[in-house]
Amino acid sequence: MDLIRPVNFYVNGWENLDWLKEVLEEKFAPNLVEEFTVKELGCGHKEGVKPKEGFMASIRRLLIRWNGSEKPVESVIVKIPNIEAAAKAWKSFSTLNSEDMIKHGALVITMMHNTESLVYDKLGHASSKLCLPKIVMNRNFGSNDPKDFPVLVMEDLSRFKIVDVLDGLNEKKLYAIVNFLVELHFFSYHFADLNSLGMTKEVIQELTELDNRLLVDICENLTQADPECFAKLPLVKKLMTETDWFGYYMDKFRSGEYPAVLAHGDIWTTNVLFDGDSIGGIIDWQMVHPASPTEDLQHVLSLCCPVEMRKRLTEPLLQYYHKLLSEKFEANKEPVPFSYETLLDLYDQTLIYTLGMSLFATSMWSGSDVILTGKDGQRRVKECYERSAAVIEETICHLGL
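Anchor point for the sequence shown: position 193 equals 193 in the UniProt record's numbering, and the numbering is continuous, going up by one each time.
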């Protein structure tokens with residue numbers, strides 16, 4: 001696989017936008033672009049905190065001034081893969097050397113950009129049902145020259161809100177997320193080839209070694225940061241750092257052994273844009289893969305809800321999900337693909353994966369402006385830790401450790 005390389009110019013050189021001018025003028029001919037104004041994300045137009053530089057990409061909002069009275073589109077979002085940003089995020093909690101970080105970053109960023117590009121290409125026809133942003137330009141990877149670097153240019157959804165990761169979700173929003181998941185999973189069962197999206201087996205194998213090395217540092221750092229909160233982390237550390245838990249999980253659903261759907265792979269508050277309590281858009285489709293029907297719900301509940309709220313709502317949300325999904329299949333005169341009892345079993349089978357993703361997210365977020373918003377920092381970090389610790393506890397109970 002050809003890997004995306006570091007491209008500092010496109011990360012830092014937002015003043016050179018002739019390539020975008022050319023794209024927009026071709027798409028919206030005969031209108032001509034007169035000027036761009038480049039804005040960082042998170043400039044006060046949303047309620048929640050959006051990192052000014054993404055963990056995995058450089059993202060900017062570009063306001064467009066057209067030469068004439070017609071305004072085909074007033075702004076777009078431009079997203080360019082950023083290996084340095086990824087390596088920097090991981091380096092903040094790992095002792096791996098810079099060369100290994102760049103190598104890991106190149107592999108992960110290439111996989112993620114290629115996946116997101118393919119998702120928009122293959123699922124774009126269902127954009128309204130799946131809450132996808134409309135795509136203006138979709139270029140996978142190339143030679144990294146000014147005419148051929150990997151980039152996505154998409155609809156600006158900043159009219160919708162990003163809510164806070166710790167305090168922003170309520171029950172209505174969670175049920176709205178389940179409504180979206182039902183649409184995505186019903187679509188999945190009518191999509192020709194689930195395995196055409198997501199990581200190949202070779203990429204999974206290559207990632208596992210470095211991911212496990214990262215997890216060694218993550219476990220040590222979290223235990224040092226809050227020994228009381230993470231007192232039980234050593235019980236699962238060996239499992240998380242010395243086994244192929246990641247590849248095992250992926251293979252069970254890619255092989256068809258377990259009922260599989262398309263998972264978004266990274267459902268959390270920054271990637272779900274709300275219009276009141278309804279969903280206005282879902283972004284960052286870069287971790288899509290065949291997975292457990294419960295994966296996305298477990299991810300958002302474990303990371304974005306207080307522990308009490310997660311425990312109280314998990315069962316009602318799963319019941320609601322299965323009821324809605326069953327109704328869609330029955331209305332289509334098709335058999336329901338799995339029972340509610342099977343769904344509960346899949347929830348248990350997904351716990352180890354949920355825990356792994358929780359540990360990565362907790363390590364990255366707790367030292368970033370996702371959590372450290374400038375006020376009440378100590379409480380927010382503690383809340384972040386407690387959510388991860390609760391997933392550790394649940395996983396230990398399931399495994400009988």
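Just so you know, even glycine gets a beta-carbon here, dropped at the ideal spot from N, CA and C.
Residue i versus residue j - alpha carbon distance
| i | j | result |
| --- | --- | --- |
| leucine 401 | glutamate 386 | 20 Å |
| phenylalanine 213 | leucine 207 | The residue asked about is misnamed: residue 213 is arginine in this sequence, not phenylalanine. For arginine 213 and leucine 207, the distance between alpha carbons rounds to 10 Å. |
| valine 178 | proline 30 | 42 Å |
| glycine 256 | asparagine 271 | 28 Å |
| proline 81 | leucine 24 | 20 Å |
| leucine 181 | glycine 280 | 14 Å |
| isoleucine 162 | leucine 169 | 10 Å |
| serine 196 | asparagine 67 | 42 Å |
| leucine 194 | serine 292 | 12 Å |
| phenylalanine 36 | arginine 60 | 11 Å |
| threonine 395 | valine 300 | 16 Å |
| isoleucine 64 | methionine 112 | 28 Å |
| leucine 148 | asparagine 138 | The sequence shown places aspartate at residue 148, not leucine. For aspartate 148 and asparagine 138, the distance between alpha carbons rounds to 11 Å. |
| residue 403 | valine 153 | With the chain represented from 1 up to 401, any question about residue 403 goes unanswered, as that position is not in the structure. |
| glycine 276 | lysine 172 | 10 Å |
| valine 33 | valine 78 | 16 Å |
| isoleucine 392 | lysine 232 | 7 Å |
| serine 278 | glutamate 99 | 44 Å |
| cysteine 304 | valine 165 | 5 Å |
| serine 368 | serine 69 | 42 Å |
| leucine 20 | leucine 210 | 36 Å |
| alanine 126 | phenylalanine 230 | 42 Å |
| phenylalanine 338 | isoleucine 218 | 36 Å |
| serine 302 | threonine 269 | 12 Å |
| aspartate 376 | valine 307 | 19 Å |
| isoleucine 282 | lysine 122 | 16 Å |
| glutamine 298 | tyrosine 347 | 8 Å |
| glutamate 84 | lysine 134 | 27 Å |
| glutamate 22 | leucine 62 | 15 Å |
| alanine 106 | tyrosine 120 | 21 Å |
| serine 58 | asparagine 140 | 15 Å |
Under 7 Å between C-beta atoms of residue i and residue j
| i | j | result |
| --- | --- | --- |
| cysteine 384 | threonine 354 | no |
| tryptophan 365 | glutamate 116 | no |
| methionine 287 | glycine 265 | yes |
| lysine 129 | glutamate 40 | no |
| histidine 185 | valine 261 | yes |
| aspartate 56 | isoleucine 102 | The residue you asked about is not aspartate; residue 56 is methionine in the sequence shown. No. Outside cutoff. |
| threonine 350 | glutamate 295 | yes |
| threonine 241 | leucine 215 | yes |
Supposed contact pair residue j and residue i - C-beta distance, whole angstroms, cut 8 Å
| i | j | result |
| --- | --- | --- |
| serine 75 | aspartate 156 | 4 Å |
| phenylalanine 274 | phenylalanine 360 | With 8 Å as the limit, phenylalanine 274 and phenylalanine 360 do not qualify as a contact, their Cβ atoms being about 25 Å apart. |
| arginine 379 | isoleucine 371 | Not a contact, Cβ separation roughly 10 Å. |
| leucine 317 | leucine 174 | 6 Å |
| glycine 124 | leucine 132 | 7 Å |
Neighbour-count burial assignment, residue i, 16 or more Cβ in a 10 Å radius
| i | result |
| --- | --- |
| alanine 389 | buried |
| glutamate 327 | exposed |
| threonine 200 | exposed |
| arginine 312 | exposed |
| proline 150 | buried |
| proline 290 | buried |
| arginine 310 | buried |
| serine 188 | buried |
| histidine 104 | buried |
| glutamine 319 | exposed |
| lysine 27 | exposed |
| valine 38 | exposed |
| alanine 192 | exposed |
| lysine 252 | buried |
| asparagine 114 | buried |
| leucine 399 | exposed |
| asparagine 16 | exposed |
| glutamate 71 | According to the sequence shown, residue 71 is lysine rather than glutamate. Lysine 71 comes out exposed. |
| glycine 374 | exposed |
| lysine 237 | buried |
Count the C-beta pairs between the segment 246-255 and the segment 191-204 that are closer than 8 Å, then say yes if the count reaches three, no if not.
Touching, per the Cβ criterion.
Using 8 Å as the cut-off, can you tell me whether the segment 212-226 makes contact with the segment 321-339, which would need three or more C-beta pairs spanning the two stretches below that distance?
Because the criterion of three Cβ pairs below 8 Å is not met, the segment 212-226 and the segment 321-339 do not touch.
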